[in-house]
Amino acid sequence: MRRRVIGAALAAGLLLSACSGISGRMRADAPTEEELIVIGLSQVGAESDWRVANSESMKAVFTEDRGYRLLFDDARQKQENQISAIRKFIQQQVDYIVLMPISETGWDSVLQEAWRAGIPVILVDRMVDKSYDNLYTAHVGSDFLQEGKLAADWMETRRRDEEGPVYVIHIQGTQGSTAQLGRTRALEAALERNGNWTLLAQLDGDFTQAKTYEAMTVCLGELPPGQEIDIVYCENDNEAFGAIQALEENGYICGEGGVDIISFDATRNCLTSCLEGKIALAVECNPLLGPKVEEVIQTLEAGGTPDKHTYAEEQCFTREDLSESFIAERKY
Ligand code: GYE
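Numbering-wise, the sequence shown is residues 889 to 1220 according to our numbering.
Set out below in structure tokens:
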């Protein structure tokens, strides 16, 4: 097992890789077993299109011909699986642990164990609670509160002149995850600011299409017949797909003259639906974080100190911003 001996060997043989937009390094000659940087990666699961794209991005960057051995563990959306994967990585004496934490709390012991073993932990996507700040080396992800604020601004502008009630359904992501907490906080602040916005229901969609479809179907069945719905705020794309399915089956129109569907991630399927007019607003959340994580690792390999937080740049899309060619070129 290599313990940080790669620097010189890699520096000598590294070339810029032209493939698949991955900036960085490709070795001219194959690295030996001892030279590989070993990364233990604990992924949340495969609950959404975003997550699948995120895993692919990691796998595309951390390949053997680029100097890495990636031990990839899919926790199937269970924190206890993430904790046992990390313990195994510590036993295996990996060089780095990359963790996409399912929720913010519950990491005390395992992060301390990694710290004691001297293995840097890099958080990706979501965050952990502030109290663990000195137990991880760096974080690469998104500002979820900011994403929620982008959505809230758009909804407020659109409803500015509306005096009557604005009926909102809120579908939350995995409880306690940073993505859920930030996006929820922004909507709750907007509900407080706008006295005429009425929350009809707050549902748990767990970031999946199936759970959202189920929860939304039950919810629509319980609402008074003919209940107006103006906004369905979905905390990711897959929730939006499940919500649209349930709404349409119950006779609602999604899009102009009907319900405004708000979605986060802006993956290709979501943008297609936005271009078709069904999703009103797609807030981008970039899953292609592999190259940014590699930058952190290379900074550490070179003996430097990476930024504690690196955030992806993100924007919003409405139908007017999109075209088929734009969507076809999108990488996720
Ligand atoms: O929005 C959702 C995924 O944490 C940013 O998790 C991530 C979220 C993403 O399941 O689709």
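Glycine included, each C-beta is placed from N, C-alpha and C at the ideal position.
Small disclaimer: the values here were computed from a predicted structure and weren't measured.
- The way I'd put it, the stretch 1073-1090 doesn't touch the stretch 1132-1148; fewer than three beta-carbon pairs between them come closer than 8 Å.
- Looking at the DSSP output, Ala1089 shares a beta bridge with Ile1057.
- In the three-state DSSP reduction, Phe1214 falls in the helix class (H, G or I).
- When secondary structure is reduced to three states using DSSP, Phe977 falls in the helix class.
- Residue burial annotation: Asp1049 is exposed, with fewer than 16 other C-beta atoms found within 10 angstroms of its C-beta.
- Contact annotation, Ile1149 with Ile1132: C-beta distance approximately 6 Å; criterion of less than 8 Å satisfied.
- Remark: the shortest separation between the CB of Asp1013 and any heavy atom of the ligand GYE falls under 7 Å.
- Spanning the alpha carbons of Tyr956 and Val926 requires a straight line of approximately 6 Å.
- Ala1170 carries a strand assignment under DSSP once its states are collapsed to helix, strand and coil.
- In terms of CA proximity to Arg975, Trp995 leads the group Ile1059, Thr1066, Trp995, Cys1122.
- In terms of side-chain proximity, the C-beta atom of Cys1173 is found nearer than 7 Å to a non-hydrogen atom of the ligand GYE.
- Here the distance from the Cβ of Phe1129 to the nearest heavy atom of the ligand GYE is not below 7 Å.
- Taken through DSSP and simplified to helix, strand or coil, Val1016 comes out as coil.
- DSSP places Ala1074 in the helix class (H, G or I) of the three-state scheme.
- Judged by DSSP in its simplified three-state form, Leu929 adopts strand.
- In the three-state reduction of the DSSP assignment, Ile1132 falls in the helix class, which pools H, G and I.
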